[in-house]
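Structure first, commentary second.
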Amino acid sequence: MWSVKMAANPPGQGFQNKNRVAILAELDKEKRRLIQSQSMNNPGASIPLSRPAVNKDFRDHAEQQHIAAQQKAALQHAHAHSSGFFITQDSSFGNLILPVLPRLDPEYFAPLSKRNSPVEVLLAEEVFEEQ
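Under this note's numbering, the sequence shown has 74 at position 73, and the numbering climbs by one with no breaks.
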């Protein structure tokens, strides 16, 4: 699974991913060492295996960076393949980007609605030609 993720990431992120893996491995080693030393000092003591908040914050930050990278990729793809404009969006529904629709002044388009439709223009031309 790592090879698939690594292949999907831009070349500059390979070092960051290796660095993250190394940090997580080091933290895991330290955790095991502490658990082992505590069990030797207090053989009957119960040891909570919950992770400290620091690891959770690190994981949350890594997830946010991954989502930001996905948003950037989706935004670039949308701009490259569409004539519209898009923005990134934090969404509970998984919408990484949203299209931006311009607000149009209704007064500007009001005269267009008062004009004759193309069908009315054709009918008027036929009546004019008959005369």
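C-beta atoms are modelled at their ideal positions from N, C-alpha and C, and glycine is treated no differently. It should be emphasised that the depicted structure is a prediction, and the values quoted were computed from it without experimental measurement.
At the C-beta level, Thr89 and Gln72 come within 8 Å of one another.
A distance below 8 Å separates the beta carbons of Leu76 and Phe87. CA-to-CA, the gap between Gly85 and Arg104 works out to about 14 Å. The C-beta distance from Arg34 to Ala63 rounds to 23 Å, too long to meet the 8 Å contact threshold.
Ile36 counts as exposed, since fewer than 16 other beta carbons sit within 10 angstroms of its beta carbon. Here DSSP, grouped into helix, strand and coil, assigns Leu99 to strand. If you draw a straight line from the Cα of Lys32 to the Cα of Met41, it comes to about 14 Å.
With 16 or more neighbouring CB atoms inside 10 Å of its own CB, Ile98 falls in the buried class.
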